[in-house]
Every structure is written in structure tokens, then in C-alpha cells.
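Colleague:
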Amino acid sequence: MASLAPSHSISIDRHRAELHFAISGLWTKATMQDFLGELLDKARPFLRDRTPFSALGDLRDFVPQDRETAQVIRDSILAGRDNGLTRFAVVSSAPLVRMQYRRIADGVEVEFFDAPDEARRWLRSG
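Add 106 to a position in the sequence shown, counting from 1, and you land on the number used in the numbering used here.
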């Protein structure tokens, strides 16, 4: 990772009902809330139509976050679960990121992968 500055990208695949995002760097609670607001806006078609959807998070350049930021992420994951999120694939080989996401995604079907292709295959197999 070249920088700890937070960055992100978000896209959706409406045909497959998938929300894809990539995040990197170290986030504050406020910057994470802004990102999660954008993520919610992108997911609105699924929420509006009550379409079950899955998510693929590319966290290869993400670092473990402080407790306050991790709690905001957890709240968002649980809200997603309550609004149609069925599966969550996380792409990261960093042991600490995986450990943090295992903890904060408790209660959601989540799997961890080293590469996006593996993650997509798993999402689409369910």
C-alpha cells in the first residue's frame, strides 16, 4: 500500500443483484460514514425493490480500523442484512483485516478470499 489516505470505488451489477466496492487506507468514523452513505445510495435499487443482494468488498489495501470506525462498519453490515444482504465476500489476505471483519460481520454469511475472481464465484454459487 502506497498511502494510508482513504479511497474507495463503488459499482453495482443490477442483473446479478451484486454491490461491489473497494476501500483502502485508514478511515475515521466521519469519513467511513460518508462512504457508507454513498454505498447506501448505490444499493437503493435493491432496497427499493426489496431485492435480495450480495456484496463483494475488495479490502486488499485496507488496514484494521479503530473501534469507533469498526462499529460504524458493523452497524452498516447488520442494516444491510436486515434489508436484503444475503452474502458478503471479502477480498483480503491480511490476517488482521480478516480477523476484524470476522468479528464485525458476525451474524452475516461472510467468506474471505485472496482474489476477486474467487469471491465472485462464491457469491454466484449461492
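Glycine residues also receive a C-beta, built at the ideal position from the N, C-alpha and C atoms. Predicted, not measured: the structure shown is a model, and the values here were computed from it.
Looking at the structure shown, is D212 part of a helix, part of a strand, or coil, going by DSSP?
Modeller: Here the question's residue 212 lines up with position 106 in the sequence shown. Three-state DSSP puts D212 in coil, outside helix and strand.
Colleague: Using CA atoms only, rank isn't needed, just tell me which of P151, A221, V216 is closest to A161.
Modeller: In the sequence shown, counting from the first residue as 1, residue 161 sits at position 55. Considering only alpha carbons, the answer is V216.
Colleague: Indicate whether R187 and G213 have their beta-carbon atoms separated by less than 8 Å.
Modeller: The count along the sequence shown starts at 1 and reaches residue 187 at position 81. The count along the sequence shown starts at 1 and reaches residue 213 at position 107. For R187 and G213, yes; Cβs fall inside 8 Å.
Colleague: Quick check on DSSP: helix, strand or coil for S134?
Modeller: Along the sequence shown, one-based indexing puts residue 134 at 28. The sequence given here places Thr at residue 134; Ser does not occur at that position. Correct three-state label for T134: coil.
Colleague: Rounded C-beta distance between F127 and L145? I'm assuming under 8 Å.
Modeller: Numbered from its first residue, the sequence shown carries residue 127 at position 21. Numbered from its first residue, the sequence shown carries residue 145 at position 39. Right, their Cβ atoms sit about 6 Å apart.
Colleague: Output needed for G228: all residues of its chain with C-beta closer than 6 Å, excluding positions within five of it in sequence on either side, in chain order.
Modeller: The count along the sequence shown starts at 1 and reaches residue 228 at position 122. Before going further, note that residue 228 is Trp rather than Gly in the sequence given. These residues qualify, in order along the chain: A195, E217.
Colleague: So is A221 buried or exposed if we call it buried at 16+ other beta carbons inside 10 Å?
Modeller: Sequence index remark: in the sequence shown, residue 221 carries index 115 (1-based). That one is exposed.
Colleague: At 4 residues or longer, what runs of the alpha helix (DSSP H) sit wholly inside the segment 118 to 203?
Modeller: As far as the segment 118 to 203 is concerned, its whole alpha helix (DSSP H) runs of at least 4 residues are 135 to 154, 173 to 188.
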